[in-house]
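Residue numbering for the sequence shown follows numbering that gives the first Met the number 0, beginning at 0 and increasing consecutively. Quick reminder that beta carbons are idealized off the backbone N, C-alpha and C, glycines included. Given the structure is predicted, the values throughout are model-derived calculations rather than measurements. Shown next, in structure tokens, is the structure this report addresses.
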Amino acid sequence: MLHRRKALALALIFGLALPITPAVAATPKPTLAQIEAAKKAEAAKKKAADVAAKKLAAANQTLRTLTAKANAAQALYVKAKRELAVATAAAVAAAEYARETQEAVAQAHRVIGKLAANAYIMGGSMTDIEPLLSANGPQDLIDQISTLDKLGVQNTMALDRYKAAEIVARDAKVKADAAKVVQETATAKVAGAKKVADDAKALQQKEVDKLQAIQDKLARELASAKKVRITLEQQRALALLEESLANTAANTSGQKKVWADTGFKGRSTIRTTEEQRAVAVAFAKKQVLARKPYIWGSEGPNSFDCSGLVYAAYKAAGLGWPNWDRLNSSLYAGYTKHVSLNELVPGDLLFYSYKGTISSIHHITIYAGNGMMWEANSKGKGLLYSNIYSVKGLMPFGGRV
Numbered sequence: 000m001l002h003r004r005k006a007l008a009l010a011l012i013f014g015l016a017l018p019i020t021p022a023v024a025a026t027p028k029p030t031l032a033q034i035e036a037a038k039k040a041e042a043a044k045k046k047a048a049d050v051a052a053k054k055l056a057a058a059n060q061t062l063r064t065l066t067a068k069a070n071a072a073q074a075l076y077v078k079a080k081r082e083l084a085v086a087t088a089a090a091v092a093a094a095e096y097a098r099e100t101q102e103a104v105a106q107a108h109r110v111i112g113k114l115a116a117n118a119y120i121m122g123g124s125m126t127d128i129e130p131l132l133s134a135n136g137p138q139d140l141i142d143q144i145s146t147l148d149k150l151g152v153q154n155t156m157a158l159d160r161y162k163a164a165e166i167v168a169r170d171a172k173v174k175a176d177a178a179k180v181v182q183e184t185a186t187a188k189v190a191g192a193k194k195v196a197d198d199a200k201a202l203q204q205k206e207v208d209k210l211q212a213i214q215d216k217l218a219r220e221l222a223s224a225k226k227v228r229i230t231l232e233q234q235r236a237l238a239l240l241e242e243s244l245a246n247t248a249a250n251t252s253g254q255k256k257v258w259a260d261t262g263f264k265g266r267s268t269i270r271t272t273e274e275q276r277a278v279a280v281a282f283a284k285k286q287v288l289a290r291k292p293y294i295w296g297s298e299g300p301n302s303f304d305c306s307g308l309v310y311a312a313y314k315a316a317g318l319g320w321p322n323w324d325r326l327n328s329s330l331y332a333g334y335t336k337h338v339s340l341n342e343l344v345p346g347d348l349l350f351y352s353y354k355g356t357i358s359s360i361h362h363i364t365i366y367a368g369n370g371m372m373w374e375a376n377s378k379g380k381g382l383l384y385s386n387i388y389s390v391k392g393l394m395p396f397g398g399r400v
């Protein structure tokens with residue numbers, strides 16, 4: 000490093016070009032073997048994913064079957080509920096009908112009792128009406144028709160109504176009992192259908208959870224393997240590009256002279272840390288490697304001019320108003336602390352002048368280290384990774400932000 004600094008100092012004094020050394024990329028360069036290993040790992044994950052995909056397809060088929068079962072069970076459940084509603088309505092109607100017919104029977108009994116009492120009052124004997132009062136049903140009354148005849152036409156009509164009411168009541172009771180059986184059967188059917196539906200849905204949910212877990216696991220593994228491979232390939236591509244650009248700049252003939260130091264002064268303090276300067280360098284590098292175009296007056300994010308790149312880089316590093324502002328190249332020379340060229344560190348600013356004066360500074364770049372810089376060069380050349388002597392008129396100091 001000491002020899003390098005001495006060589007740089009001599010070059011500044013006598014206007015000599017530095018010895019050309021092979022360019023080294025700032026980005027770590029993965030080997031082809033590392034990239035090949037990453038490809039094999041990704042292929043293995045892909046093979047595992049294909050096997051899992053077949054299992055996933057089978058599981059999907061199972062899921063469709065379970066869904067069909069759940070739908071069928073749901074249909075049975077709906078049907079059973081309809082049958083339950085009908086059976087319940089029939090049972091209620093039959094019970095109401097039985098109540099009404101029983102009331103008719105009771106009414107007939109009251110009529111007959113009244114007729115019997117009247118007959119007795121009018122001179123009939125209790126012996127004559129005793130079979131009526133002790134009759135067990137319509138058939139007993141029919142067997143004793145001779146007794147009924149004594150009650151007259153009015154009594155006979157009452158007994159006929161009694162007989163009919165009792166028959167209707169018995170029929171209603173039979174229907175009500177049958178409706179109750181139907182209701183209980185329908186209720187049991189509903190319970191069975193609902194259990195089938197619930198079981199099918201539970202199996203379906205387990206299958207869905209299983210599928211989701213498989214999908215998530217596959218997505219994570221494939222994304223991870225792909226990211227590793229792509230990252231290695233991109234790092235190698237960027238490193239090769241950096242080497243190519245550095246070699247081109249290092250081999251540029253006719254490196255231009257450095258202006259004499261006539262005592263220019265800048266700020267007495269700096270506003271950045273080493274970490275912030277590293278962020279600014281990384282930002283500038285990213286824009287250059289992304290091949291962003293040069294557009295005068297632009298400060299990003301899609302295009303830059305030279306001072307716009309400097310402004311955006313340090314803004315990305317966390318500097319903002321009022322400590323940092325968008326200035327032109329010559330104003331930045333007075334807005335930074337001056338350091339000698341042999342004290343440059345990555346992130347320092349370099350200035351280029353037409354006449355060796357502050358007012359004639361026309362270009363500004365960001366020092367990248369190892370005699371290289373990041374710059375927004377011109378409309379024709381765009382953003383570059385260049386040797387610091389590749390632009391004419393280097394000022395004899397750098398600016399530390």
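Cβ shell of residue i (< 7 angstroms), same chain only, five flanking positions each side left out
i	result
M372	L349, T364, I365, Y366, S385, I387
P292	S302, G381
N327	S306
Y353	S359, H361, G392
Option nearest residue i by Cα separation, candidates the options
i	options	result
R325	V338, K336, C305, E342	C305
Q234	K285, A201, K200, A187	K285
A196	S358, K39, T64, A71	A71
H362	K391, K200, K174, A94	K391
K46	L217, Y293, R270, W258	L217
N341	K38, G398, V180	G398
A277	E99, G262, P345, E374	P345
A192	A69, Q203, A178	A69
A279	G317, A289, F263	G317
W295	A92, K200, S377	S377
Q203	I34, Q60, A48, L65	L65
R98	D49, R169, A48, A40	R169
V50	I34, I213, E102, Q106	I213
G379	P321, R290, L343, K179	R290
L343	D215, A52, E273	E273
Residue i, enclosing alpha helix (DSSP H) - first and last residue
i	result
L308	305-315
L288	273-288
S329	328-333
C-alpha gap between residue i and residue j, whole angstroms
i	j	result
S329	G265	11 angstroms
M394	D260	8 angstroms
H337	A222	48 angstroms
A94	A163	18 angstroms
A36	L382	34 angstroms
A67	K225	38 angstroms
A238	I360	32 angstroms
K80	E220	49 angstroms
V207	A315	46 angstroms
G14	S267	With a pLDDT of 40 at G14, under the threshold of 50, the predicted position of this residue should be treated as unreliable, though the coordinate-derived value follows. When rounded, the distance between both Cα atoms is 29 angstroms.
Y334	A42	54 angstroms
K44	L231	17 angstroms
R4	T271	Only weak support is given to the placement of R4: the predicted model assigns it a pLDDT of 39, under 50, and the value that follows is read from those uncertain coordinates. Roughly 24 angstroms separates the two Cα atoms.
G355	G299	29 angstroms
E374	L31	30 angstroms
A92	Y76	24 angstroms
L62	A177	42 angstroms
D347	A236	26 angstroms
F396	P27	30 angstroms
K54	Q60	10 angstroms
N369	S339	15 angstroms
A312	A283	6 angstroms
L109	E102	In the sequence as presented, Leu is not what sits at residue 109; that position holds Arg. Using only the alpha carbons, I get a separation of about 11 angstroms.
A56	K205	16 angstroms
L288	V309	16 angstroms
A185	Q106	36 angstroms
A201	A52	24 angstroms
Run of the beta strand (DSSP E) containing residue i, from where it starts to where it stops
i	result
V338	336-339
L393	393-399
L383	381-386
Counterpart residues of residue i in DSSP-defined beta bridges
i	result
A48	DSSP, once it has assigned bridges, lists no residue as partnering A48.
V257	L393
G368	M371
S352	I360
S377	G381
Y96	DSSP, once it has assigned bridges, lists no residue as partnering Y96.
Y293	F303
E298	F303
Cut-off 6 angstroms between Cβ atoms - residues of its own chain near residue i, not counting five sequence neighbours on either side
i	result
A58	L210
Q73	A196
V227	A37
Y96	A171
I269	K336, R399
Cβ shell of residue i (< 8 angstroms), same chain only, five flanking positions each side left out
i	result
Q182	L83, A86, T87, A89, A90
S297	F303, D304, G307
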